[in-house]
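Asker:
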Amino acid sequence: MSAYFGFIVTSILLALTPGPDVLLVVAIAAKEGFKKALQFTLGLASGVIFHTLLIILGLSAIIIASSVAMKLIALFGAMYLLYLAWLTWWHRNDSISQTCIPKIQGSYYLRGVVMNISNPKVLLFFLALFPQFAQLDQPGYHWRIAVLGLIFILVTITVFGGLAYLTAKSTQNIMQNRQFKLGMDYVTVAIFVILAGLLLFTVFN
């Protein structure tokens with residue numbers, strides 16, 4: 001139980017650490033509201049299921065050992081991030097048009113899922129974190145990994161969901177300002193582009 005408690009504390013601290021995912025959740029909550037930000041959060045959390053299964057099946061170590069696989073995953077992830085950046089940029093004027101209702105196609109949940117599973121840095125992160133709380137030679141290793149994955153999912157939803165709710169509430173009035181929405185579009189585009197650049201630099205460098 002002490003190991004699980006330590007993992008919970010670690011997960012909360014990691015979730016609260018300012019990073020790209022947190023910034024995106026906040027940006028979406030500020031511009032699109034709590035529901036869209038929560039959808040994105042649930043997508044990110046669902047991606048954790050994928051990475052947890054890879055660790056349980058022993059596939060994560062195989063993927064990481066293959067530089068070709070890592071580069072292909074990173075390339076796909078970066079291209080998807082740049083696609084989201086382009087999509088946001090293309091629809092940026094929808095925020096300030098009085099006659100056009102913003103319509104960006106695609107589920108925020110699906111975006112969160114794809115962003116998470118197509119980022120090899122996330123796979124590296126979990127492969128480094130989980131073994132600190134569950135050793136392969138311990139009885140019930142696979143169950144322990146599954147529990148750790150579930151804990152991380154719940155922490156992610158709770159922390160990111162809380163941040164999304166607070167952001168949406170605090171920006172409820174200013175969200176009516178079209179220039180503010182346009183500014184948030186620029187911020188979101190910048191985050192996507194920076195994420196894509198960092199992803200490619202980390203894997204291909």
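Numbering (full-length UniProt numbering), first residue to last: 1 to 205.
Heads up, the beta-carbon is just placed ideally off N, CA and C, and yes, glycines get one too.
1) Using C-beta distances below 8 Å, list every residue in its chain close to Ile191, excluding the 5 sequence neighbours before and after it, in chain order.
2) Taking all protein chains shown into account, decide if Phe130 is buried (16 or more other Cβ within 10 angstroms of its Cβ) or exposed.
3) Within 10 Å of its beta-carbon, does Ser60 have 16 or more other beta-carbons around it, so buried, or fewer, so exposed?
4) Give every residue of the same chain whose Cβ lies closer than 7 Å to the Cβ of Ile55, excluding the five residues on either side of it in the sequence, and list them in chain order.
5) Can you give the beta carbon distance from Tyr80 to Ser118, rounded, assuming they're within the 8 Å contact cut?
6) With a 10 Å radius around its C-beta and 16 neighbouring C-beta atoms as the bar for buried, classify Leu57 as buried or exposed.
7) In whole angstroms, what separates the C-alpha of Tyr186 from that of Trp89?
8) Under a three-way DSSP split, which group does Leu21 fall into?
9) Run through DSSP, which three-state label would Leu75 get?
10) To the nearest angstrom, report how far apart Trp86 and Val193 are at their CA atoms.
11) Does Asn116 come out as helix, strand or coil in the three-state DSSP assignment?
12) In the structure shown, what three-state DSSP assignment does Thr202 receive?
13) Determine the DSSP secondary structure at Gln132, reduced to helix, strand or coil.
14) Using the Cα positions of Tyr4 and Ile12, report the straight-line distance between them to the nearest angstrom.
15) Use the C-beta contact count for Val68: other C-beta atoms within 10 angstroms, 16 or more gives buried, fewer gives exposed.
16) Are Ala30 and Thr156 touching if we call contact CB-CB under 8 Å?
17) Which class does Asp185 belong to by DSSP, given the choice of helix, strand or coil?
18) Use the C-beta contact count for Cys100: other C-beta atoms within 10 angstroms, 16 or more gives buried, fewer gives exposed.
19) Ile151: buried (16+ other C-beta within 10 angstroms of its C-beta) or exposed?
20) At what residues does the alpha helix (DSSP H) containing Gln39 begin and finish?
21) Thinking C-beta only, is His51 closer than 8 Å to Leu123?
Answerer: So, from the data block:
1) Excluding its 5 nearest sequence neighbours in each direction, Ile191 has C-beta neighbours in its own chain below 8 Å: Pro20, Leu23, Leu24, Ala27, listed in chain order.
2) Answer is buried; the Cβ neighbour count reaches 16.
3) buried
4) Phe126, Leu127, Phe130, Ile145
5) Between Tyr80 and Ser118 the beta-carbon gap is near 6 Å, inside 8 Å, which marks them as a contact.
6) exposed
7) 7 Å
8) Looking at the sequence provided, one finds Asp at residue 21 rather than Leu. In this structure, Asp21 counts as helix in the three-state DSSP scheme.
9) helix
10) 9 Å
11) Note: Asn116 maps to helix in three-state DSSP.
12) helix
13) In the structure shown, the three-state DSSP call for Gln132 is helix.
14) 12 Å
15) exposed
16) No, the pair does not count as a contact, with Cβ atoms beyond the cut-off.
17) helix
18) Low per-residue confidence applies at Cys100: pLDDT is 40, beneath 50, and the placement is therefore not dependable enough to give any value.
19) buried
20) 34-57
21) yes
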